[in-house]
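Asks: Taken in sequence, the protein lines are chains A and B.
Following this note's numbering, the numbering of the first sequence begins with 4 at its first residue and continues without gaps.
Following this note's numbering, the numbering of the second sequence begins with 24 at its first residue and continues without gaps.
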Amino acid sequence: MPHMFQLAQEPIVTLCGHLYCWPCLYQWLQLHSHSHECPVCKAIVQEEKLIPIYGRGKANCDPRSRSLPGVSIPNRPMGQRPQTAPRVNMNYVRPNDLDPLTGFMPMAAARFGHMTLSTLFGALPRFLTSSAKNGRTLTLTLSFSSNKTVFSKLKTSENQSKIKGNKKSLQAPTTTNIEAPEPGGAPPVTGGGSDGGTVKQPPPAAAAESKKVGSWKLKGLPKKVLAVLSNLPLAIAEMFAIAALMALGTFVPQGETPDFYFQKYPEDNPVLGFFSWRWILTLGFDHMFSSPIFLGTLTLLGASLMACTYTTQIPTVKVAKRWSFLHSAEAIRKQEYSDALPRASIQDLGVILMGAGYEVFLKGPSLYAFKGLAGRFAPIGVHLALLLIMAGGTLSATGSFRGSVTVPQGLNFVIGDVLGPSGFLSTPSESFNTEVHVNRFYMDYYNSGEVQQFHSDLSLFDLNGKEIMRKTISVNNPLRYGGITIYQTDWSLSALQIMKDDEGPFNLALAPLQINGDKKLFTEPSCLSMLARDMQSIVLYDQEGKFAGVRRPDSKLPIDIDGIRIVVLDAIGSTGLELKIWALQDGTTVVIGGKTNRAKGELSDDMNFLLNQVPEIVDSKQSDIVSG
Amino acid sequence: MIFSTLEHILTHISFSIVSIIITIHLITFLVDEIVKLYDSSEKGMIMTFFCITGLLITRWIYSGHFPLSDLYESLIFLSWSFSLIHIIPYFKKNPNFLSTIMGPSAIFTQGFATSGLLTEIRESTILVPALQSEWLIMHVSMMILGYAALLCGSLLSVSLLVITVRKKRKFFSTSNHLLNLNESFFFGEIEYMNEESNFLQNTSFFSPRNYYRSQLIQQLDYWSYRVISLGFIFLTIGILSGAVWANEAWGSYWSWDPKETWAFITWIVFAIYLHTRTNRKWKGRNSAIVASIGFLIIWICYFGVNLLGIGLHSYGSFTFN
């Protein structure tokens with residue numbers, strides 16, 4: 004590195020603040036052709052950024068030192084001449100109105116040492132050059148501020164003529180542009196602009212500030228409530244509460260009689276030391292999922308959802324959509340990820356980002372790109388979906404009809420008779436007058452004897468007896484008509500048809516016998532016992548309860564028990580259709596309401612309870628026959 | 024009956040603990056940067072994945088229905104999902120920690136499924152009428168995939184908690200449960216720290232090891248968030264498709280069946296996790312705690328409810344003799 008032991012000839016200072024004589028620096032830069040760096044501190048040195056130092060009088064120029072063999076040293080760069088100092092009534096940007104993104108900046112000179120900033124500056128000339136070729140006037144601003152002054156730097160295409168030592172007269176800058184950095188609102192300008200230029204007031208900063216204050220000036224109760232509801236910890240606490248209540252609802256058996264709770268959670272020996280039946284019945288834990296405490300918490304969560312969507316997420320989308328430019332390298336460096344690219348053009352970066360799917364906005368030397376705005380919409384979408392589900396659930400809980408009925412093969416029921424309203428908003432419809440006739444009920448079996456599918460062949464008749472629809476339904480295959488849906492849920496054996504001593508046939512009604520789990524066994528409580536496991540096999544026991552034999556209904560083989568000849572003709576099945584509400588009906592038809600797909604223990608209890616109530620069928624000769 | 028239930032419960036508890044311990048152990052591996060065994064575990068997992076795929080396809084063909092009709096088949100599907108999640112980053116050339124979690128999980132789930140505990144239901148059974156629907160494929164597979172991803176993510180959070188807790192405690196405090204538990208695994212680390220701490224007592228933050236550890240914590244946090252988000256999506260789709268299927272089959276979208284309720288509770292807990300991550304103060308430690316709670320809740324939802332044996336989802340129940 005050449006060093007001088009006398010005063011520098013043609014002194015020149017770099018942006019990083021080191022003083023050299025121009026010939027020596029020039030030679031240094033030529034030797035290090037791949038990276039122009041300051042000999043002392045290795046900062047980037049750009050020739051157009053060098054600042055000449057003019058002393059008094061002429062430069063003492065020693066011709067010998069000017070030229071070295073093989074190298075002709077050009078003239079010293081002229082430096083840059085900023086605009087003439089402005090008049091007093093220029094717009095000042097007060098420090099208080101600064102957007103926090105840029106913050107306070109020290110004087111411009113000290114900033115010049117920053118490598119990234121110089122890179123930004125370095126990005127400018129090429130950018131300017133390229134747009135200068137289009138003949139447009141370029142306006143770009145970089146604003147720095149200290150406590151007192153505003154320093155704005157302005158370049159136009161005319162200034163480019165000063166680069167590389169071309170001597171042209173400096174034209175007065177055509178525009179003065181002082182911009183208050185603010186979060187967004189400024190439209191992107193890529194080299195546009197007229198000779199007139201723009202003078203922008205800094206109102207948005209003040210407006211932004213007043214907006215912040217305004218949100219705290221709560222105009223009455225609704226805003227306060229809204230603010231409280233959209234509090235995140237509250238929402239999390241609500242969700243925890245709902246989860247805990249639901250868990251409790253699965254541990255405490257639901258829908259039982261109070262006696263059950265008296266026994267299971269006695270007061271003198273409470274579970275966990277305090278949990279007795281009083282807790283359960285007063286708080287409504289026996290019907291947890293429709294209890295006031297649970298529904299109240301759900302409503303609160305719904306209110307929080309609405310409040311949060313309104314106050315937080317919709318504005319977030321608005322903010323995310325706004326373009327916010329960062330105007331200083333320091334602000335850029337403060338981001339989570341930051342990097343510096345020497346000798347790069349911001350336009351190239353913009354093009355690459357566009358190719359990667361970003362939406363790019365370029366304003367002067369500043370670039371702002373975003374991607375994934377859809378991600379801002381996702382929480383709103385999810386919250387809205389949850390609110391819709393809640394609304395739908397509420398509507399169906401208050402405004403629908405349900406019913407379930409067990410109908411033996413060959414019999415009818417009227418839809419309206421078996422449906423009951425579930426809430427105060429339920430109104431019956433025209434299709435309630437339809438009569439449903441069960442033509443046939445049958446089951447498909449696998450080779451191993453297990454049930455494959457249940458089928459019910461149904462016909463719908465209107466008031467005049469005309470058949471309007473006929474369909475065979477099965478599980479997962481419901482029938483839909485006029486807003487009513489009929490589901491195949493379950494089946495039961497309703498009667499055994501037998502011949503006794505060649506008399507009959509007799510229909511013996513069957514009652515279910517619960518053994519374990521979900522298996523159902525049907526037995527006939529009389530002198531002889533017949534056990535129907537399913538429609539395929541009937542097991543017969545004699546009067547003492549000893550096993551007598553097994554018969555399949557199709558075989559029609561007789562069996563002798565205790566001197567009586569029995570032929571099992573058929574097992575008459577009845578199909579269970581879930582219509583979502585249950586009703587109770589008296590009469591000769593085998594119609595029993597029951598929630599067959601829930602709490603199956605409850606079903607058998609209810610059936611037994613009903614069986615004890617229904618009177619005997621007149622034309623049956625067997626003793627102790629109970630029709631149910 | 025009681026003893027078999029107790030045995031079953033103990034099996035699950037030990038299963039979970041062993042999963043966690045194996046996870047910690049393998050994280051120790053990573054921290055010590057022993058990479059020699061890395062390749063073999065990757066290749067082993069790929070082979071496992073193909074084996075389980077073959078098993079599922081065979082069951083599918085043999086029984087004629089999608090192999091997801093009872094607990095045993097769902098367990099196999101779960102281990103399949105684990106191995107799937109394990110090898111996807113491998114194909115994307117993404118070196119990360121999922122393999123550490125997924126490998127042992129798949130091994131354990133598969134081992135449990137094929138162990139002697141469930142022999143009586145290992146034969147392929149026929150579908151009951153309620154399950155004969157196209158929705159079976161969608162609903163159950165989404166749920167199991169969701170469980171797998173959520174388990175993975177919550178295990179990552181558990182390991183994050185472990186590492187964070189270890190970092191905060193002075194390593195020489197003797198009355199330390201964690202220290203005692205992990206001492207057998209972290210022997211090498213103890214010695215290393217012994218040497219270092221003499222001159223790095225207060226500036227331990229700047230040692231390369233601690234830098235690496237905070238990098239690890241960051242990575243764990245990041246990956247746990249991503250995997251749990253994916254699992255959350257699967258879980259949501261599974262619950263929604265289950266509700267629609269229930270409407271088709273039984274006439275009501277939601278009937279507060281224990282299994283449905285617990286799936287909803289799981290969903291809520293992971294929604295809480297995602298919400299805690301939006302708050303900058305709670306991000307990190309607290310969200311990891313929530314995800315760890317979620318780990319337990321998934322097991323309750325998947326296995327615990329089946330133990331009760333009631334309700335609509337009773338095909339998943341089983342008994343021990």
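Just so you know, even glycine gets a beta-carbon here, dropped at the ideal spot from N, CA and C.
#1: Spell out whether any CB of chain B is found under 7 Å from the CB atom of A/N234.
#2: Am I right that A/L463 and A/I471 are in contact with their C-beta atoms under 8 Å? What's the rounded C-beta distance?
#3: For a contact meaning CB atoms closer than 8 Å, what does A/Y490 contact in chain B?
#4: Please name the residue, chosen from B/W322, B/N270, B/L101 and B/L183, that lies closest to B/V54 on a Cα-to-Cα basis.
#5: Only counting the same chain, and skipping five residues up and downstream in sequence, which positions put a Cβ closer than 6 Å to that of B/I160?
#6: In whole angstroms, what separates the C-alpha of B/L253 from that of B/L173?
#7: Anyone know if the C-beta pair for A/V478 and A/F457 falls short of 7 Å?
#8: Is the CB-CB distance between B/Y170 and B/Y296 below 7 Å?
#9: Quick check on the burial criterion: 16 or more other C-beta atoms within 10 angstroms. Buried or exposed for A/G252?
#10: To which residues of the same chain is A/Y361 closer than 8 Å at the C-beta, ignoring the five residues directly before and after it?
#11: Would you call the stretch 349-363 of chain A in contact with the stretch 394-410 of chain A, where contact means no fewer than 3 C-beta pairs closer than 8 Å?
#12: Consult DSSP for B/A171 and reduce its assignment to one of helix, strand or coil.
#13: Verify the CB distance criterion: does B/P281 have a CB-CB separation below 7 Å to chain A?
#14: Going along chain B, which residues have a C-beta under 8 Å from A/G2?
#15: Taking only beta-carbon atoms, is B/C324 less than 7 Å away from chain A?
#16: List, in chain order, every chain B residue whose beta-carbon is nearer than 8 Å to that of A/I245.
#17: Please classify B/V54: does DSSP put it in a helix, a strand, or coil?
#18: Is there a Cβ from chain B that is less than 7 Å from the Cβ of A/F265?
#19: Which term fits A/Y340, buried or exposed, when burial requires 16 or more other beta carbons within 10 angstroms of its beta carbon?
#20: Would you report the Cα separation of A/P424 and A/G384, rounded to the nearest angstrom?
#21: Under 8 Å by Cβ, that's how I've got B/A314 and B/S102 pegged, so tell me the actual separation to the nearest angstrom.
#22: What residue does the beta strand (DSSP E) around A/L461 start on, and which one ends it?
#23: Quick one: does A/V439 have its CB under 7 Å from some CB of chain B?
#24: I'd like the list of long-range same chain contacts for B/A311, defined as Cβ closer than 6 Å, with 5 residues on each side in sequence excluded.
#25: Taking 8 Å as the threshold, find out whether the stretch 258-274 of chain B comes into contact with the stretch 482-492 of chain A through three or more Cβ pairs.
#26: For a contact defined as C-beta to C-beta under 8 Å, what are the partners of B/A153 on chain A?
#27: Could you pull the start and end residues of the beta strand (DSSP E) that A/E362 belongs to?
#28: Would you verify that the beta carbon of A/I239 is, or is not, closer than 7 Å to some beta carbon of chain B?
#29: Can you pull the chain B residues whose beta carbon is under 7 Å from the beta carbon of A/F292, in chain order?
#30: Pull up the DSSP beta-bridge partners for A/L482, would you.
#31: Identify whether A/C24 lies in helix, strand or coil by the three-state DSSP scheme.
#32: In three-state terms, what does DSSP make of A/D289?
#33: Does chain B have any CB closer than 7 Å to the CB of A/M309?
#34: For chain B, is any of its Cβ atoms less than 7 Å away from the one on A/M3?
#35: Would you please verify whether the beta carbon of A/M357 is less than 7 Å from any beta carbon of chain B?
#36: CB-CB under 8 Å to A/L303, same chain, minus the five flanking residues each way: which ones, in chain order?
Replies: Taking the definition as stated:
#1: Position 231 of the first sequence, counted from the start, is the residue given in the question as residue 234 of chain A. By this cut-off, A/N234 is not an interface position.
#2: Position 460 of the first sequence, counting from 1, holds the residue named residue 463 of chain A. Position 468 of the first sequence, counting from 1, holds the residue named residue 471 of chain A. So it is a contact: roughly 5 Å between Cβ atoms.
#3: Here residue 490 of chain A corresponds to residue number 487 of the first sequence, with the count starting at 1. Those within 8 Å of A/Y490 in chain B are A272, W273 and G274.
#4: Taking the first residue of the second sequence as position 1, residue 54 of chain B is located at position 31. The candidate whose alpha carbon is nearest that of B/V54 is B/L183.
#5: Position 137 of the second sequence holds residue 160 of chain B. The answer, listed in chain order, is F89.
#6: Indexing the second sequence from 1 puts residue 253 of chain B at position 230. Indexing the second sequence from 1 puts residue 173 of chain B at position 150. Approximately 8 Å between the Cα atoms of the pair.
#7: As a position in the first sequence, residue 478 of chain A is number 475, starting the count at 1. As a position in the first sequence, residue 457 of chain A is number 454, starting the count at 1. Yes, the pair counts as a contact, with Cβ atoms nearer than the cut-off.
#8: Your numbering for residue 170 of chain B matches position 147 in the second sequence. Your numbering for residue 296 of chain B matches position 273 in the second sequence. No, Cβ-Cβ distance for B/Y170 and B/Y296 is not below 7 Å.
#9: Sequence index remark: in the first sequence, residue 252 of chain A carries index 249 (1-based). Buried: at least 16 other Cβ atoms inside 10 Å.
#10: The residue you call residue 361 of chain A lines up with position 358 of the first sequence. Once the five neighbours on either side are set aside, the close Cβ partners of A/Y361 are A372, F373 and K374.
#11: no
#12: As a first step, residue 171 of chain B must be located in the second sequence, where it is residue number 148. DSSP places B/A171 in helix when its eight states are reduced to three.
#13: Translated into positions along the second sequence, residue 281 of chain B becomes position 258. Yes, because at least one Cβ of chain A sits closer than 7 Å to the Cβ of B/P281.
#14: This structure leaves residue 2 of chain A out entirely; chain A is present only between 4 and 631.
#15: As a position in the second sequence, residue 324 of chain B is number 301, starting the count at 1. Output row for B/C324: interface = no.
#16: As a working note, residue 245 of chain A is residue 242 in the first sequence. Simply I291.
#17: By 1-based counting over the second sequence, the position of residue 54 of chain B is 31. Correct three-state label for B/V54: helix.
#18: Along the first sequence, read from residue 1 onward, the residue named residue 265 of chain A stands at position 262. No, its Cβ sits nowhere closer than 7 Å to a Cβ of chain B.
#19: As a working mapping, residue 340 of chain A is identified with position 337 in the first sequence. Exposed: under 16 other Cβ atoms inside 10 Å.
#20: Here residue 424 of chain A is taken as the residue at index 421 of the first sequence, counted from 1. Here residue 384 of chain A is taken as the residue at index 381 of the first sequence, counted from 1. Computed Cα separation, rounded: 33 Å.
#21: Here residue 314 of chain B corresponds to residue number 291 of the second sequence, with the count starting at 1. Here residue 102 of chain B corresponds to residue number 79 of the second sequence, with the count starting at 1. 21 Å between Cβ atoms; not a contact.
#22: In the first sequence, the residue the question calls residue 461 of chain A occupies position 458. Per DSSP, A/L461 belongs to the beta strand (DSSP E) from V454 to F464.
#23: On the first sequence, residue 439 of chain A is found 436 positions in, with the first residue counted as 1. No, no contact with chain B.
#24: By 1-based counting over the second sequence, the position of residue 311 of chain B is 288. Answer for B/A311: S180, L183 and L184, listed in chain order.
#25: yes
#26: As a working note, residue 153 of chain B is residue 130 in the second sequence. In chain order: V478 and N479.
#27: Along the first sequence, one-based indexing puts residue 362 of chain A at 359. Segment E362 to K366, the beta strand (DSSP E) holding A/E362.
#28: Here residue 239 of chain A is taken as the residue at index 236 of the first sequence, counted from 1. Chain B, which has a Cβ nearer than 7 Å to the Cβ of A/I239, makes this yes.
#29: Here residue 292 of chain A refers to the residue found at position 289 of the first sequence. Here the neighbours are W279.
#30: For the purposes of this step, residue 482 of chain A is taken as the residue at position 479 of the first sequence. Paired residue(s): A/I489.
#31: For the purposes of this step, residue 24 of chain A is taken as residue 21 along the first sequence, with counting starting at 1. In this structure, A/C24 counts as strand in the three-state DSSP scheme.
#32: Within the first sequence, the letter at position 286 stands for residue 289 of chain A. It is helical.
#33: For this step, residue 309 of chain A is matched to residue 306 along the first sequence. So, not an interface residue.
#34: Here chain A has residues from 4 to 631 only, and residue 3 of chain A is not among them.
#35: Translated into positions along the first sequence, residue 357 of chain A becomes position 354. For A/M357, the answer is no, since every Cβ of chain B falls outside 7 Å of its Cβ.
#36: For this step, residue 303 of chain A is matched to residue 300 along the first sequence. Cβ within range, chain order: E241.
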